[in-house]
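Read in order, the letters of the sequence shown are residues 3 to 86 in the numbering used here. The structure appears below as structure tokens.
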Amino acid sequence: MTTAHVQMLLLSVEPVPSLTSHEFLGPLFTPKPGHCPSWGKVAGFAAACVQCCKGDVQCPGKKKCCSNQCGYTWQPQKTCTQVK
Numbered sequence: 003m004t005t006a007h008v009q010m011l012l013l014s015v016e017p018v019p020s021l022t023s024h025e026f027l028g029p030l031f032t033p034k035p036g037h038c039p040s041w042g043k044v045a046g047f048a049a050a051c052v053q054c055c056k057g058d059v060q061c062p063g064k065k066k067c068c069s070n071q072c073g074y075t076w077q078p079q080k081t082c083t084q085v086k
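Shown next, in the form of structure tokens:
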């Protein structure tokens, strides 16, 4: 391949827009929809004194990372109609 061929190939490649750090990392810090359950209404693992997560992205499925006044655990999300 000659230098001219390489230059033609480089000129034919369209630039890919780069992402800002916010666009790239944003989904990692975006909370899942819904709300955490009230502190007094958690039991079992949800009430354990452990630091299981630091954010919703670390929780499986639709579960949220919620405080239980002793630690942070995966808890089922509550929708506005479920919050009382």
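Glycine is no exception: its CB is placed at the ideal position from the N, C-alpha and C atoms.
query: Determine the DSSP secondary structure at threonine 22, reduced to helix, strand or coil.; result: coil
query: Exposed or buried, what is glutamine 79 when buried is set at 16 or more other beta-carbons lying within 10 Å of its beta-carbon?; result: buried
query: With 16 as the cutoff for other CB atoms within 10 Å, does valine 44 come out buried or exposed?; result: buried
query: Taking the alpha-carbon positions, what's the glycine 46 to asparagine 70 distance?; result: 11 Å
query: Looking at C-alpha atoms only, which residue of Pro35, Ser20, Ala49, Cys72 is the closest neighbour of lysine 65?; result: Pro35
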